[in-house]
Amino acid sequence: GQAVVGHRPAVDALLTMHEASATAVDATLGFDRTVFVPSIAVTLAQLDAAVRAAVPPHAASLLGRVTYDVDERLSAAVGSFPTRVTCERAKAIGMWGDELTAADLVRHYAEDFPDALAEGVTLLGTDN
62 GQAVVGHRPA
72 VDALLTMHEA
82 SATAVDATLG
92 FDRTVFVPSI
102 AVTLAQLDAA
112 VRAAVPPHAA
122 SLLGRVTYDV
132 DERLSAAVGS
142 FPTRVTCERA
152 KAIGMWGDEL
162 TAADLVRHYA
172 EDFPDALAEG
182 VTLLGTDN
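Numbered according to the working numbering, the sequence shown spans residues 62 to 189.
Right, here's the structure in full:
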């Protein structure tokens with residue numbers, strides 16, 4: 062899997078850094094202001110499975126077919142990315158997200174961007 066950040070914690074991380082006081086940032090981060098936003102390690106197959114698990118069985122056919130054709134150039138680039146990152150510094154200043162699951166990422170995205178769902182697709186446990 063690759064290190065993936067959900068859109069909610071990504072936006073929250075930007076706001077957290079923007080709103081953090083200089084004193085708190087100095088005390089927590091010191092001179093090096095680099096932080097890794099909390100993330101989870103997830104594969105494309107895990108994301109696909111999470112999507113399919115989040116919709117009723119009748120809606121699965123509306124999602125379309127996922128294929129995994131390898132693009133050597135893209136795979137080489139993505140393969141060099143970290144799969145897990147150390148995010149203690151980020152968490153110390155209030156960032157979050159490493160406790161999420163692939164299912165959480167899918168649900169958050171579908172809740173926040175309902176127009177992105179294919180026509181006729183709803184999430185399990187919702188009224189839409």
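Using N, Cα and C, we set each Cβ at its ideal position, and we do this for glycine too. Since this is a predicted model, take the numbers as computed values, not measurements.
- Item | Where the alpha helix (DSSP H) containing Ala153 begins and where it ends | Run containing Ala153: Glu149 to Ala153, per the alpha helix (DSSP H) assignment.
- Item | Top-ranked residue by Cα proximity to Phe174, from Gly62, Val65 and Arg69 | For Phe174, the closest of Gly62, Val65 and Arg69 by C-alpha to C-alpha distance is Arg69.
- If we call anything under 9 Å between Cβ atoms a contact, is Val96 one with Arg150? Contact: yes.
- With respect to the alpha helix (DSSP H) encompassing Val72, which residues constitute its N-terminal and C-terminal limits? That run of the alpha helix (DSSP H) goes His68 to Glu80.
- For Ala179, does the three-state DSSP call read helix, strand or coil? Three-state DSSP puts Ala179 in coil, outside helix and strand.
- Could you check which residue in Lys152, Ala115 and Arg113 has the C-alpha nearest to that of Ala85? Here the closest residue by C-alpha is Lys152.
- Message: Quick check on Val116: does DSSP put it in helix, strand or coil?
- Response: Val116: coil per DSSP, three-state reduction.
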